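Peer 1: Numbering (the numbering used here), first residue to last: 699 to 1102. If you scroll down you'll find the structure; I have some questions about it.
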């Protein structure tokens, strides 16, 4: 009995423990496409536009007309039944279809814009996590070395080979690195929370980021005209043009045409009643006077100009974003090269000299701690430079619609 309960407990624990999701940069777009709730909501815009397209361009329903006339003495009466319908004299229905198709295309491009924006945000958060991971790896290594050094100093202090002050300083340096790691823990939680939100994950789901922060690399190239927001803006321009054409032809109302059948009875004294059956055709033509739809035409012309100006503004904004990101990448790359080739070798050399001087009795412990802190600061600065260069690269690729 106890064994069964124990096995049941282990089974439930195994089922409750979900494996952590391992993320890579290449898997972000797939996860967002499948699970992001904002993207799911945006897709309904396409369905709305398809519904409008389905309804657009449909002629009016035929009408059944019934008339009944009778005199006061109930001697003469007439029953008239007809079927009529409105017929457009312009291309109004075809233009309504054109507007609907342009709106569907704009909705599809808007969904693509939302997805591209979400992927960009996810990539930015992903590289933030990679940078934090690299910082953690560096600090863990430094903390391990500082702990070993502090233990060594404590052992020397017990043998009266080192002063208690040096041993205490070594312990403090190791403890300070542990505090820095705790600060990284908080930053990682924020970055992971942002990633989970973008990927449509629950808050209690585990996530693991694979890989390390890579070296600086050249950005992929693209074309601004392939951006989803640019194509959406062009679709909106096409829709505005169709609306203007629709407003122009809407100056002329539809004509009404129909057929009718009439049956009448009239008294013809003293011969009794005459009964007549009549079949006919009726046509109602609106006159081109009064409303010329000039206000609507003026509105749609202004809308075309606004949409076209929005396209020009979008192109200018994208070009500025690309130029800014390019200049930013250049500066971060220069800093990375300077740190890698000049400053960090000097810091390593300074640390080596400080350690040799201390071992030879010609230096003090604070010099070693300062040299280690300087090298660590430069190493963290290099991680920051590479992170910022990657973030600028992602912004550049997003501005030119490049495929990473």
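Using N, Cα and C, we set each Cβ at its ideal position, and we do this for glycine too. None of the values given here were measured: they were computed from a predicted structure.
Looking at the structure shown, is residue 774 part of a helix, part of a strand, or coil, going by DSSP?
Peer 2: The answer is coil: DSSP assigns residue 774 none of H, G, I, E or B.
Peer 1: Would you mind stating whether residue 812 and residue 957 have Cβ atoms separated by less than 8 Å?
Peer 2: No. Outside cutoff.
Peer 1: Going by DSSP, which residues form a beta bridge with residue 782?
Peer 2: In DSSP, residue 782 forms a bridge with 761, 956.
Peer 1: Would you kindly work out how many angstroms separate the C-alpha atoms of residue 717 and residue 1038, rounded to a whole number?
Peer 2: Each residue's alpha carbon lies about 38 Å from the other.
Peer 1: In whole angstroms, what separates the C-alpha of residue 978 from that of residue 736?
Peer 2: Approximately 59 Å between the Cα atoms of the pair.
Peer 1: Does DSSP put residue 1066 in a helix, a strand or coil?
Peer 2: Helix.
Peer 1: Measuring only from the beta carbon, is residue 819 closer than 7 Å to any heavy atom that is part of the ligand MN?
Peer 2: With respect to small molecules bound, the structure shown includes none, and the ligand MN cannot be examined in it.
Peer 1: Nearest-angstrom Cα distance between residue 825 and residue 1090?
Peer 2: One C-alpha to the other measures close to 11 Å.
Peer 1: Alpha carbon to alpha carbon, how far is residue 924 from residue 764? Give it in angstroms, no decimals.
Peer 2: Going from the Cα of residue 764 to the Cα of residue 924 covers about 58 Å.
Peer 1: Tell me which residues share the same chain as residue 740 and place their Cβ nearer than 6 Å to its Cβ, disregarding the 5 neighbours each side in the sequence.
Peer 2: Contacts found: 809, 812.
Peer 1: Need the endpoints of the alpha helix (DSSP H) that residue 751 sits in, please.
Peer 2: It spans 735 to 753 - the alpha helix (DSSP H) in which residue 751 sits, taken as one unbroken run.
Peer 1: Throw me the rounded Cβ distance for the residue 1094 and residue 1016 pair, which I believe falls under 8 Å.
Peer 2: About 10 Å; that fails the 8 Å criterion.
Peer 1: What residue does the beta strand (DSSP E) around residue 719 start on, and which one ends it?
Peer 2: From DSSP, the beta strand (DSSP E) with residue 719 extends over 719 to 721.
Peer 1: Count the C-beta pairs between the segment 1041 to 1057 and the segment 993 to 1006 that are closer than 8 Å, then say yes if the count reaches three, no if not.
Peer 2: No, the segment 1041 to 1057 is not in contact with the segment 993 to 1006.
Peer 1: Give every residue of the same chain whose Cβ lies closer than 7 Å to the Cβ of residue 986, excluding the five residues on either side of it in the sequence, and list them in chain order.
Peer 2: Taken in chain order, the residues that qualify are 950.
Peer 1: Measure the Cβ-Cβ separation of residue 945 and residue 998 and say whether it is below 8 Å.
Peer 2: Yes; because the gap between Cβ atoms is below 8 Å, this pair is in contact.
Peer 1: For residue 1088, does the count of other Cβ atoms within 10 angstroms reach 16, so buried, or fall short, so exposed?
Peer 2: Classification for residue 1088: buried.
Peer 1: With distances taken Cα to Cα, identify the nearest neighbour of residue 1052 among 738, 783, 1070, 1031.
Peer 2: When each option's Cα is compared against that of residue 1052, the closest is 1070.
Peer 1: Express the C-alpha separation of residue 920 and residue 800 in angstroms, rounding to a whole number.
Peer 2: Taking the straight line joining both Cα atoms gives about 25 Å.
Peer 1: Under the three-state reduction of DSSP, which class applies to residue 964: helix, strand or coil?
Peer 2: Residue state, collapsed to three classes: strand.
Peer 1: Across which residues does DSSP place residue 993 in a beta bridge pair?
Peer 2: Its beta-bridge partners do not exist; DSSP assigns none.
Peer 1: Considering only the beta carbon of each residue, do residue 910 and residue 828 sit closer than 8 Å?
Peer 2: Yes, these two residues count as a Cβ contact at 8 Å.
Peer 1: Can you tell me whether residue 937 is helix, strand or coil according to DSSP?
Peer 2: Here residue 937 sits in helix by DSSP.
Peer 1: Compute the distance between the beta-carbons of residue 727 and residue 917, then report whether it is under 8 Å.
Peer 2: It is not a contact, given that the beta carbons lie outside the stated cut-off.
Peer 1: Mark residue 694 as exposed unless 16 or more other C-beta atoms lie within 10 angstroms of its C-beta, in which case mark it buried.
Peer 2: In the structure as shown, the chain starts at 699 and stops at 1102, and residue 694 therefore has no counterpart that could be examined.
Peer 1: Between the segment 1025 to 1042 and the segment 1063 to 1082, do three or more beta carbon pairs fall short of 8 Å?
Peer 2: In short, these stretches touch, since the Cβ pair count reaches three.
Peer 1: From residue 785 to residue 976, what does the alpha carbon distance come to, in whole angstroms?
Peer 2: Straight-line Cα distance between these residues: approximately 24 Å.
Peer 1: Identify the continuous alpha helix (DSSP H) that holds residue 1056 and give its terminal residues.
Peer 2: Run containing residue 1056: 1042 to 1057, per the alpha helix (DSSP H) assignment.
Peer 1: Provide the residue span of the beta strand (DSSP E) that contains residue 922, from first to last.
Peer 2: First-last for residue 922: undefined, no H or E at that position.
Peer 1: How is the beta strand (DSSP E) around residue 907 delimited, first residue to last?
Peer 2: Element bounds for residue 907: 905 to 907.
Peer 1: Quick one: measure Cβ to Cβ for residue 802 and residue 751, integer angstroms, because I've assumed they're closer than 8 Å.
Peer 2: Sure, about 5 Å apart at Cβ, within 8 Å.
Peer 1: Beta-carbon within less than 6 Å of residue 981's beta-carbon, same chain only, minus the 5 sequence neighbours each way: which residues are those?
Peer 2: Excluding residues within five positions, the ones whose Cβ falls inside 6 Å are 955.
Peer 1: Quick check: what's the CA-CA separation for residue 849 versus residue 872?
Peer 2: So the two alpha carbons sit approximately 10 Å from each other.
Peer 1: Determine which residues share a DSSP beta bridge with residue 896 and list them.
Peer 2: DSSP lists no partner for residue 896.
Peer 1: Quick one: is residue 929 buried, meaning 16 or more other Cβ sit within 10 Å of its Cβ, or exposed?
Peer 2: Buried, by the Cβ-count rule.
Peer 1: Tell me the rounded alpha-carbon separation between residue 832 and residue 793.
Peer 2: Computed Cα separation, rounded: 58 Å.
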